[in-house]
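Engineer: Structure provided below as structure tokens; questions to follow.
Numbering (my numbering), first residue to last: 10 to 771.
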């Protein structure tokens, strides 16, 4: 057997079919290597031996004692069994109790007179100290020294507690690990010797042995340090190789032409770009000027001007004779972007046909008849979504393939096979965390050469996450809000404890409207027939906005989440009677949605009761107040996104987080954190700490078994940063890892087929 195959050995061969099946189905463990990388999540100290007279309540203890009595009691009309064992050590007495299937083995072994060690947590039942289902080891060795040795080893041992499942507890997993642990000596060490020696790391086989069967706490720390580094380094090598491969791809350089659309647009801006916008724009234009595809992540706070920066990049590409596409995750957001971009461009978008009467100036490339020109000209900006009429859709497709349209904004409809571009030069993806990698890749494949790529997100991402989840992208951060943006005051409204606070919230909404402003009311649910069917366990597919995952403490809530249609009706007849109240949600007809948003933007609607369909992209500067109902049912980042819809003008914003959650609950703590700070980066750390990191490489990026078992991206920033630096150096010196076969092997193990495709798609 070679060194690699030991780790690839199926668990079925070593553990038997039944155990292997449970491990595969419930823990996603299939091979010896999988099990060896299934690390303990914590360790219990059995503690020193404790006399039966000195047992501390609610603590784990280890005792050596003799069985004085053992009896099986029946209960539940004979359907249940309980084994009670009484111990004595000469100083006192202690009761053990075993239930159900756990009765059989101790009933055979713990006979009166037998001596053994017992470990468990002390509790009280019927005023007697007891250990429920303790672990134990019989001590019947004739050799007293051998028995003493066993006692010392048992009592002082650190017990690994493994991530387990209902079908397989930690104790059985530990026994399975014992079976495969000898294979740890055949582990292939991915760290280059220079790196391992330079940082003083223990060898990988030793680290695996120590993490599973530590003798001391120092063993655990040493093993964890080494295994964290392995995960960080191998992952960063994968990402560094992806970045290196990108630099080898060809792309058309897209340099803006002086005096073109970009300059005409900048000249018409009624404000000056912030220093942050200028800095980020320079980074983007420097990338666009190279003959390798840009791969850049643009992240920034809500309202920091990401769309403006993206539009300037798109105009620069159009100046250079190419086309730009912006991909939005929803129709509402695509329509909003189309509306805001055409408004920002003014007649540069509206007068797209004037070039026919005024030929382009010397030095311009018309892109085979595309609408380009000086400040009197412009380019056509088209919208493409799935709900468009046949005639409008046909015209949009024609404009794209002929090059008549320089800019297109759309949803997933953009990636359908029938959509063809004349010369796609730049792809802008908005809200990357909502869009699948395959979809992003399909749009990029439509260019004659790989187009440049700009990914935007309004969800602030901690540096460590950016280095892992988005590690194949260069990062630009907009951390400055444009002048004129107003502060937002946020408060938690405890509707259950203090109902008068909710009454005051509606008074505040009325006050804002009376002062000439507008308000949002956000609810988690729509409340239509489809909602009712979903509640009745039908298989009808929910709209994306209705499938937000609830926090664990909210599972099992009896009351359904508050709904838009119900709340809107209650408000219109009650506390907001007389105001113009309308609704907006994802299952409305697209024309109706557009009509509501237009009238809200025009000031013809006072209060908009909506789902999270307004979470991103909606820009109504006159809206100053937001009330979020059942706010505890939303995530931290989502609340921050929603809050960003107010305070976008000169008047201060107000965000009220309404919740019935108990004051001491984690949900209320989450809301208090949101109310306490407007710093999205701080909130993103809180958000990440409260949920699973998911599979950093996997497409979903949440919910599946993580490829990171030891590393936590929120806590191990120093490790990740150092590993990234080392990885970049290694890949620069040896891109194919020809001289590092062990690292290549580890990389192959990490990047199974699915994940390899993920990275290849970028």
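Beta carbons are placed, not taken as given, at the ideal position from N, Cα and C, and that holds for glycine.
In terms of DSSP beta bridges, what is residue 127 paired with?
Structural biologist: Working through the chain shown from its first residue, we reach residue 127 at position 118. Paired residue(s): 72 and 145.
Engineer: Residues in the same chain with beta-carbon distance under 7 Å from residue 194, minus the five sequence neighbours each way, listed in chain order, please.
Structural biologist: Along the chain shown, one-based indexing puts residue 194 at 185. Correct list, in chain order: 214.
Engineer: Would you say the stretch 197-215 touches the stretch 233-250, given that touching needs at least three Cβ pairs under 8 Å?
Structural biologist: Yes, they touch.
Engineer: Any idea what DSSP makes of residue 769, helix, strand or coil?
Structural biologist: Taking the chain shown and counting its residues from 1, the one referred to as residue 769 is at position 760. In this predicted model, residue 769 has a pLDDT of only 49, less than 50, meaning its place in the structure is not dependable; the value taken from the coordinates is given anyway. Three-state DSSP puts residue 769 in a helix.
Engineer: For residue 439, list the residues DSSP reports as bridge partners.
Structural biologist: The sequence position of residue 439 within the chain shown is 430, counting from 1. Paired residue(s): 465.
Engineer: By Cβ distance, which residues of its chain are closer than 7 Å to residue 400, with the 5 residues on each side in sequence left out?
Structural biologist: Taking the first residue of the chain shown as position 1, residue 400 is located at position 391. Here the set comprises nothing.
Engineer: Anyone know if the C-beta pair for residue 637 and residue 594 falls short of 8 Å?
Structural biologist: As a working mapping, residue 637 is identified with position 628 in the chain shown. As a working mapping, residue 594 is identified with position 585 in the chain shown. No. Outside cutoff.
Engineer: Just verifying my parser: in three-state terms, what is the DSSP assignment at residue 529?
Structural biologist: Walking along the chain shown from the start, residue 529 turns up at place 520. Residue 529: strand per DSSP, three-state reduction.
Engineer: So who's on the other strand from residue 498, going by DSSP bridges?
Structural biologist: Numbered from 1 along the chain shown, position 489 holds the residue referred to as residue 498. DSSP lists 663 as partners of residue 498.
Engineer: How far does the beta strand (DSSP E) with residue 592 in it extend, from its first residue to its last?
Structural biologist: Working through the chain shown from its first residue, we reach residue 592 at position 583. Element bounds for residue 592: 590-593.
Engineer: With burial defined as no fewer than 16 other Cβ atoms inside 10 Å of the residue's Cβ, what is the status of residue 338: buried or exposed?
Structural biologist: As a first step, residue 338 must be located in the chain shown, where it is residue number 329. Buried.
Engineer: Any idea what DSSP makes of residue 79, helix, strand or coil?
Structural biologist: As a working note, residue 79 is residue 70 in the chain shown. DSSP places residue 79 in strand when its eight states are reduced to three.
Engineer: Check residue 685 in the structure and name its three-state DSSP category.
Structural biologist: Your numbering for residue 685 matches position 676 in the chain shown. Reduced to three states, the DSSP call for residue 685 is helix.
Engineer: From 751, 174, 581 and 120, pick the residue whose C-alpha is nearest to that of residue 74; which is it?
Structural biologist: For the purposes of this step, residue 74 is taken as the residue at position 65 of the chain shown. Nearest option by C-alpha distance: 120.
Engineer: In terms of alpha-carbon separation, which member of 303, 47 and 336 lies closest to residue 222?
Structural biologist: Within the chain shown, numbered from 1, the residue matching residue 222 stands at position 213. Closest by alpha carbon: 47.
Engineer: Are there 16 or more other CB atoms within 10 angstroms of the CB of residue 456, so buried, or fewer, so exposed?
Structural biologist: For the purposes of this step, residue 456 is taken as residue 447 along the chain shown, with counting starting at 1. Result: buried.
Engineer: How many angstroms separate the CA atom of residue 620 from the CA atom of residue 36?
Structural biologist: What you label residue 620 is simply residue 611 of the chain shown in a count that begins at 1. What you label residue 36 is simply residue 27 of the chain shown in a count that begins at 1. Going by the C-alpha atoms only, they are around 36 Å apart.
Engineer: Pull up the distance between the alpha-carbon of residue 342 and that of residue 300, whole angstroms please.
Structural biologist: Mapped onto the chain shown, residue 342 falls at position 333. Mapped onto the chain shown, residue 300 falls at position 291. Approximately 32 Å, taken between the alpha carbons.
Engineer: Measuring CB to CB, does residue 633 end up less than 8 Å from residue 656?
Structural biologist: By one-based count along the chain shown, residue 633 stands at place 624. By one-based count along the chain shown, residue 656 stands at place 647. Cβ atoms of residue 633 and residue 656: closer than 8 Å.
Engineer: By a C-beta neighbour count over all protein chains shown, 10 Å radius and 16 as the cutoff for buried, is residue 352 buried or exposed?
Structural biologist: Taking the chain shown and counting its residues from 1, the one referred to as residue 352 is at position 343. By the 10 Å Cβ count, residue 352 comes out exposed.
Engineer: Thinking just about the alpha-carbon of each residue, which of 281, 80 and 681 is nearest to the one in residue 113?
Structural biologist: Counted from its first residue, the chain shown places residue 113 at position 104. Measuring from the Cα of residue 113, the nearest candidate turns out to be 80.
Engineer: Can you tell which of 423, 93 and 671 has its C-alpha closest to the C-alpha of residue 84?
Structural biologist: Walking along the chain shown from the start, residue 84 turns up at place 75. Looking at the Cα atoms, 93 is the closest of the given residues.
Engineer: What number of angstroms, rounded off, separates the C-alpha of residue 315 from the C-alpha of residue 752?
Structural biologist: Here residue 315 corresponds to residue number 306 of the chain shown, with the count starting at 1. Here residue 752 corresponds to residue number 743 of the chain shown, with the count starting at 1. Approximately 39 Å between the Cα atoms of the pair.
Engineer: According to DSSP, residue 722 sits in a beta bridge with which residue or residues?
Structural biologist: On the chain shown, position 713 is the one that residue 722 refers to. Its beta-bridge partners do not exist; DSSP assigns none.
Engineer: What residue does the alpha helix (DSSP H) around residue 241 start on, and which one ends it?
Structural biologist: In the chain shown, counting from the first residue as 1, residue 241 sits at position 232. Per DSSP, residue 241 belongs to the alpha helix (DSSP H) from 226-257.
Engineer: Can you give the Cα-Cα distance for residue 755 and residue 728, rounded to whole angstroms?
Structural biologist: In the chain shown, counting from the first residue as 1, residue 755 sits at position 746. In the chain shown, counting from the first residue as 1, residue 728 sits at position 719. Going from the Cα of residue 755 to the Cα of residue 728 covers about 18 Å.
Engineer: Note down the Cα distance separating residue 253 from residue 259, rounded to an integer number of angstroms.
Structural biologist: Along the chain shown, read from residue 1 onward, the residue named residue 253 stands at position 244. Along the chain shown, read from residue 1 onward, the residue named residue 259 stands at position 250. Those two C-alpha atoms are separated by around 13 Å.
Engineer: Can you tell me the Cα-Cα spacing of residue 340 and residue 434, whole angstroms?
Structural biologist: As a first step, residue 340 is located in the chain shown; it is residue number 331 there, counting from the start. As a first step, residue 434 is located in the chain shown; it is residue number 425 there, counting from the start. Whole-angstrom Cα-Cα distance: 23 Å.
Engineer: With distances taken between CB atoms, is the gap from residue 391 to residue 414 smaller than 8 Å?
Structural biologist: Taking the chain shown and counting its residues from 1, the one referred to as residue 391 is at position 382. Taking the chain shown and counting its residues from 1, the one referred to as residue 414 is at position 405. In this structure, residue 414 lies closer than 8 Å to residue 391 by Cβ.
Engineer: For residue 322 and residue 297, which I take to be in contact (beta-carbon distance under 8 Å), what is that distance rounded to the nearest angstrom?
Structural biologist: Start at 1 with the first residue of the chain shown, and residue 322 comes out as number 313. Start at 1 with the first residue of the chain shown, and residue 297 comes out as number 288. Residue 322 to residue 297, Cβ: 7 Å. Contact.
Engineer: Report the three-state DSSP secondary structure of residue 50 (helix, strand or coil).
Structural biologist: If you number the chain shown from 1, residue 50 lands on position 41. Three-state DSSP puts residue 50 in coil, outside helix and strand.
Engineer: Considering only residues of the same chain and omitting the five flanking positions on each side of residue 328, which have a CB-CB separation below 7 Å?
Structural biologist: As a working mapping, residue 328 is identified with position 319 in the chain shown. The residues are 265, 266, 269, 270 and 271.
Engineer: What number of angstroms, rounded off, separates the C-alpha of residue 732 from the C-alpha of residue 694?
Structural biologist: By one-based count along the chain shown, residue 732 stands at place 723. By one-based count along the chain shown, residue 694 stands at place 685. If I take the Cα positions, the gap works out to 21 Å.
Engineer: Assess, as a yes-or-no matter, whether the stretch 167-183 is touched by the stretch 20-37 under the definition of 3 or more beta carbon pairs within less than 8 Å.
Structural biologist: Touching, per the Cβ criterion.
Engineer: Exposed or buried, residue 607, counting other C-beta atoms within 10 Å across all chains shown (16 or more means buried)?
Structural biologist: Walking along the chain shown from the start, residue 607 turns up at place 598. Its Cβ having fewer than 16 others within 10 Å, residue 607 is exposed.
Engineer: Can you name the start and end residues of the alpha helix (DSSP H) that residue 401 belongs to?
Structural biologist: Taking the chain shown and counting its residues from 1, one reaches residue 401 at position 392. Residue 401 -> alpha helix (DSSP H) spans 399-411.
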